[in-house]
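Trainee:
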């Protein structure tokens, strides 16, 4: 399974991809799906209508298996930020409410909730991270009050990869009737996740990191028990039915997450996402996670042996304190990376190899 997964990625040339927490290369399955629909649209036009809609639905079904929810609970968007905005700007907040989040949240999660609090008068509670940017659940629990309405956090943080133990948090949110929203962008497809089993009310994420799909697809998964509460942000024909339905001034929105998809969808990107998700499901997340952690541990050990200080985290993302020429050395390989928080962030994926890690360590040792 693992070798088949690795064979799905482009290996010609000397470029190294170690910024997979930023933008990963897409799988061969995703590329082939784009070519397939591009050619069919070119040759067949409208005659593809039912087929492409079926394939979009297949992508929704596959994604629901990866998230651990029902397919009727998933809506596609243009980005993670769009998906989060749909949720937070139509969540029933009032001036008496509080929304809790971490102090190191990525902007696409922080800014929408901050703006939603401004508009509603709710109070945004920023929780300070632990030592070395850790995200211990206890720090969030300390901030919960009788006014806490929402906890909106990332499962895996983008700076250093620090993981919040969601299941431990949800035990408290369920008990206190607090809405738990989780941004899964930095973890879905890399670590096992299950929205229902973990007691999460809603999740959002996107296509272009660990899901190895083209940029341009966000998604929201909202537990059906909350569906009637959240009104659609964008309104169009598909909010109520299909593009073929006659116009009716008396119309009722759909009762599932499809009501959030107002019109035409980005078919190439969504079906490519479905192809990559199918590859992940076939390989299995535990197999992917095991390989990524193995490569990450080799990288961490090598950096420590070279005298670099590695920033602590509890995930596979590696953040180390650079020397003056570290970035230049990585660029010269060439190896992509990100400057995040305290240092240089490297994020191996399961398609990477031991030789990739060896090249990085050799360059940094010179």
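Residue numbers (my numbering): 19 to 384. Note that the Cβ used here is the ideal one computed from N, Cα and C, for glycine as well. Bear in mind that the values here come from a model prediction, so they are computed numbers and not experimental data.
If you measure from the CB of residue 53, is any heavy atom of the ligand ZN nearer than 7 Å?
Mentor: With respect to the ligand ZN, the structure offers nothing, as it holds no ligand at all.
Trainee: Are any of the Cβ atoms in chain B nearer than 8 Å to that of residue 213?
Mentor: In the structure shown, chain B does not exist; there is a single protein chain.
Trainee: Shortest alpha-carbon distance to residue 161 belongs to which of 152, 145 and 213?
Mentor: To locate residue 161, count along the chain shown from 1; it is residue 143. Nearest of 152, 145 and 213 to residue 161, Cα basis: 145.
Trainee: Could you give the first and the last residue of the continuous beta strand (DSSP E) run that contains residue 167?
Mentor: Along the chain shown, read from residue 1 onward, the residue named residue 167 stands at position 149. Looking at the DSSP string, the run of the beta strand (DSSP E) that includes residue 167 is 166 to 172.
Trainee: Per the DSSP calculation, residue 197 is bridged to which residue(s)?
Mentor: In the chain shown, the residue the question calls residue 197 occupies position 179. 168, per the DSSP bridge assignment.
Trainee: Within 10 angstroms of the Cβ of residue 323, are there 16 or more other Cβ atoms? Answer buried if so, exposed if not.
Mentor: Taking the first residue of the chain shown as position 1, residue 323 is located at position 305. Label assigned to residue 323: exposed.
Trainee: Any chance the segment 22 to 31 sits against the segment 349 to 358, with 3 or more Cβ pairs inside 8 Å?
Mentor: They do not touch, by the three-pair rule.
Trainee: At a cut of 8 Å, does the segment 100 to 109 reach the segment 214 to 233 through at least three beta carbon pairs?
Mentor: Counting Cβ pairs under 8 Å, three or more are found: they touch.
Trainee: Grab me the residues of residue 59's own chain with a C-beta within less than 7 Å of its C-beta, minus the 5 sequence neighbours each way, in chain order.
Mentor: To locate residue 59, count along the chain shown from 1; it is residue 41. These residues qualify, in order along the chain: 66.
Trainee: Are there three or more Cβ pairs, one per stretch, closer than 8 Å when the segment 120 to 134 is compared with the segment 292 to 303?
Mentor: With the cut-off at 8 Å, the segment 120 to 134 and the segment 292 to 303 do not touch.
Trainee: Hey, residue 147 and residue 331: beta-carbon distance below 8 Å or not?
Mentor: Counted from its first residue, the chain shown places residue 147 at position 129. Counted from its first residue, the chain shown places residue 331 at position 313. No, these two residues do not count as a Cβ contact at 8 Å.
Trainee: Helix, strand or coil: how does DSSP classify residue 365 here?
Mentor: Within the chain shown, the letter at position 347 stands for residue 365. Correct three-state label for residue 365: strand.
Trainee: What does a CB cutoff of less than 6 Å around residue 364 pick up in its chain, not counting 5 residues either side in sequence?
Mentor: The residue given as residue 364 occupies position 346 in the chain shown. Taken in chain order, the residues that qualify are 36, 336 and 355.
Trainee: Can you look up residue 59 in the DSSP assignment and give me helix, strand or coil?
Mentor: Position 41 of the chain shown holds residue 59. Helix, per DSSP.
Trainee: Could you give the DSSP three-state label for residue 216: helix, strand or coil?
Mentor: For this step, residue 216 is matched to residue 198 along the chain shown. Coil, per DSSP.
Trainee: Tell me, which residues are paired with residue 329 by DSSP?
Mentor: Numbered from its first residue, the chain shown carries residue 329 at position 311. DSSP, once it has assigned bridges, lists 337 as partnering residue 329.
Trainee: Considering Cα atoms alone, identify which of 264, 227, 306 and 247 is closest to residue 291.
Mentor: Here residue 291 refers to the residue found at position 273 when the chain shown is read from its first residue. Cα-wise, what sits closest to residue 291 is 227.
Trainee: In whole angstroms, what separates the C-alpha of residue 325 from that of residue 177?
Mentor: What you label residue 325 is simply residue 307 of the chain shown in a count that begins at 1. What you label residue 177 is simply residue 159 of the chain shown in a count that begins at 1. If you take the alpha carbons of residue 325 and residue 177, they lie about 21 Å apart.
Trainee: Check each candidate in 84, 379, 19 and 378 and name the one with the smallest Cα separation from residue 229.
Mentor: For the purposes of this step, residue 229 is identified with residue 211 of the chain shown, where counting begins at 1. Minimum Cα distance to residue 229 is reached at 84.
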